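This report concerns only the one structure given below.
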Amino acid sequence: MEIEHKFLVNDIGFLADATTSFRISQGYLSESSPTLRIRIAGQRAFLTVKSSSIDGGLSRHEWEYEIPVEEARQMLPLCKGHVIEKTRYIVPYKDKTWEVDIFHGRYEGLAVAELEVVRADEYFDLPPWAGTEVTGDKRYYNAYMAKYNDTPIPLKINIDK
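Sequential numbering from 1 applies to the sequence shown in UniProt numbering.
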């Protein structure tokens with residue numbers, strides 16, 4: 001079971017603490033639940049099965065399997081909708097590890113931070129760069145973003161590399 005909080009990012013303050021970053025390309029082979037996601041993350045690739053969200057979007061079942069990168073490259077063109085492109089930053093904050101995604105292409109500048117927790121009621125400190133919580137807002141689900149064009153970008157984050 002994956003239990004995850006999701007927040008919009010309001011500034012680039014997370015960069016000072018990021019320990020690593022890598023590019024992600026991902027698409028969805030199905031448009032309904034369960035979703036089948038193909039992801040290339042750096043030099044690795046994965047096939048992930050995700051159930052519908054429960055608990056107001058906070059949790060869902062998830063199964064992930066590593067697959068050969070070349071096979072993932074062959075599958076991406078078969079995906080429904082658009083392929084999502086983003087850079088993921090791994091950011092420790094206090095005793096937790098956050099993942100901050102900066103989107104490219106059609107959602108250029110959108111920045112979303114995710115924190116996976118063990119329990120739905122688990123306490124965590126919110127970093128100063130984390131803004132509005134969007135957990136459960138389907139417009140910020142990557143599968144939704146691959147299919148539709150209406151995810152708002154309230155603040156564009158620009159990171160020149």
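Quick reminder that beta carbons are idealized off the backbone N, C-alpha and C, glycines included. This one's a predicted model, so the numbers in the text were calculated from it and none came from an experiment.
- Rounded to whole angstroms, the gap between the alpha carbons of S32 and S51 is 9 Å.
- Here DSSP, grouped into helix, strand and coil, assigns Q74 to helix.
- For a cut-off of 8 Å, the C-beta gap from R37 to T48 is around 4 Å, short enough to register as a contact.
- With a threshold of 16 other beta carbon atoms within 10 Å, W63 falls short and is exposed.
- When the alpha-carbon of I67 is set against those of D125, Y123, F46 and P34, the nearest one is in F46.
- The beta carbon of H104 sits closer than 8 Å to the beta carbons of E85, K86 and T87 from its chain, once the five residues preceding and following it are set aside; these are given in chain order.
- In the DSSP assignment, A143 falls within the alpha helix (DSSP H) that extends over N142 to K147.
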